[in-house]
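Asker: Let me begin by handing over the structure; questions about it come next.
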Amino acid sequence: MENHDRSFKGVIAIIIASFLWGTTGTVASYSPDVSSLAIGAFSMGVGGVLLVISARKRLFCDCKLLFKQPMVLLLGAASVAIYPLAFYSSMHLAGVATGTVVSIASAPFFAAMLERLLSKKNISRQWIVSFVIGVIGIVLLVLGREHSNDIGYGVHQQSIGVILGGIAGLTYAGYSWAAKHLMESGVHSKSSMSGLFGCAAVLLLPSLWFTGDNLFSSSTNTLVSLYMAIVPMFLGYLLFGFGLNFIDASKATLITLIEPLVATILAVFIIGERFKVIGWVGIALVSLCLLMQTIKPQSQLRLALKST
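Counted the way this note's numbering counts, the sequence shown spans residues 103 to 410.
See below:
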């Protein structure tokens, strides 16, 4: 039962991180004059610097282990750097609804494929069923919101946005897999996340020279920028790294399907977006997907009970 308790701790940490990430859309809406690319680069870049500072002692101890796997470190850091640029560009080109559903819903699939191809891990039947339920839920969730800003996107523009959304999902899965792989090789979770995000910060922060004009042009923009970097990115990824200690990347990315659910609820009650009945069905399905990931299959539960 001890392993089940540890897994449950990991699930709770990922859920809390997803709640924090779900606030980003609502908070960013208060700074419409700030480029989405700038918000992504600043929040991920500064969040990476904060992760490095907070884990500097542990990172120093684990640096040899990190550099023993340069390709994993490079893959993870590149994925962290590409993800926010692809994700926000996808929403800009294909619309918020399409960009979000492609990016978030494709990540668990890519994570499972990476684990299967690179780590030789099996994909459970429970994961497949909950993945299908979760993706259907996300689609209904998006359809349940009226996105007036999504109207008027050309076919070519939307196609590029969908491709970028797929890249965002792949890179999200990429750095999740890289972080988990580093942890399994003996690297502490704080060192793993700070190493990946610290390297990515070196790539992301210089881009603000071209995109970050209005980040601090007003007190509201300043507060939004700092909140995005400190709360959802720094604290969120500390929790995400902690959760990866106990569960696989494919399961972690599946649980983060709760992020658009939180974003939708906040948009409805704070921003005032309209919400159709079909959206509540989507919420129910995403909740069911989440519940399936917190419940241990009966066969494994019996084995755990026998071993105690």
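Idealized CB from N, CA, C, for every residue including glycine.
Which whole-angstrom value describes the C-beta separation of L245 and I380, a residue pair presumed to lie in contact below a C-beta threshold of 8 Å?
Answerer: With a Cβ gap of about 6 Å, L245 and I380 count as contacting.
Asker: Could you have a look at H283 and say whether DSSP puts it in helix, strand or coil?
Answerer: Note: H283 maps to helix in three-state DSSP.
Asker: Just how far apart, CA to CA, sit C301 and G384?
Answerer: Answer to the nearest angstrom: the Cα atoms are 37 Å apart.
Asker: Closer than 8 Å by C-beta to F169: which residues in its own chain qualify, once you throw out the five before and the five after it? Chain order, please.
Answerer: For F169, where only same-chain residues beyond five positions count, the Cβ hits under 8 Å are L175.
Asker: Please identify the residue among W229, Q228 and G268 whose C-alpha is closest to the C-alpha of I206.
Answerer: Taking only the C-alpha atoms, the option nearest I206 is G268.
Asker: Between D252 and L161, what straight-line distance do the alpha-carbon atoms span, to the nearest angstrom?
Answerer: Reliability fails at D252, whose pLDDT of 48 lies under 50, so the model's placement of it is uncertain and the value that follows must be treated cautiously. Approximately 43 Å between the Cα atoms of the pair.
Asker: Exposed or buried, which one is C165 when buried takes at least 16 other CB atoms within 10 Å?
Answerer: So C165 counts as exposed.
Asker: For I262, I'd like the list of residues in its chain whose CB is within less than 6 Å of its CB, leaving aside the five on either flank, ordered along the chain.
Answerer: Taken in chain order, the residues that qualify are L195.
Asker: Applying the 10 Å Cβ sphere with the 16-neighbour rule, what's the burial state of T324?
Answerer: Exposed: under 16 other Cβ atoms inside 10 Å.
Asker: Near I116, what residues of its chain come up, given a Cβ to Cβ distance below 6 Å and the 5 sequence neighbours on each side ignored?
Answerer: Around I116: G345, A354 and I357.
Asker: By a C-beta neighbour count over all protein chains shown, 10 Å radius and 16 as the cutoff for buried, is K292 buried or exposed?
Answerer: Buried, since its Cβ has 16 or more Cβ neighbours within 10 Å.
Asker: Between M335 and G124, how many whole angstroms is the CB-CB distance? I'm expecting something under 8 Å.
Answerer: Contact flag wrong, Cβ pair sits at about 13 Å.
Asker: Output needed for A270: all residues of its chain with C-beta closer than 7 Å, excluding positions within five of it in sequence on either side, in chain order.
Answerer: Answer for A270: Y185, A188, F189, S192 and S205, listed in chain order.
Asker: Measure the alpha-carbon distance for G239 versus L393 and round it to whole angstroms.
Answerer: When rounded, the distance between both Cα atoms is 13 Å.
Asker: Which residues in the same chain as K159 place their Cβ atom closer than 7 Å to its Cβ, once the five residues preceding and following it in sequence are excluded?
Answerer: No residues qualify anywhere along the chain.
Asker: May I have a chain-ordered list of the beta strand (DSSP E) segments no shorter than 3 residues that lie completely inside the stretch 188-236?
Answerer: As far as the stretch 188-236 is concerned, it has no whole beta strand (DSSP E) run of at least 3 residues.
Asker: In angstroms, rounded to a whole number, what distance separates the CA positions of S226 and V154?
Answerer: Cα to Cα, S226 sits roughly 35 Å from V154.
Asker: According to the neighbour-count rule (16 or more other Cβ atoms, all chains shown, within 10 Å of its Cβ), is I372 buried or exposed?
Answerer: Under this definition I372 is an exposed residue.
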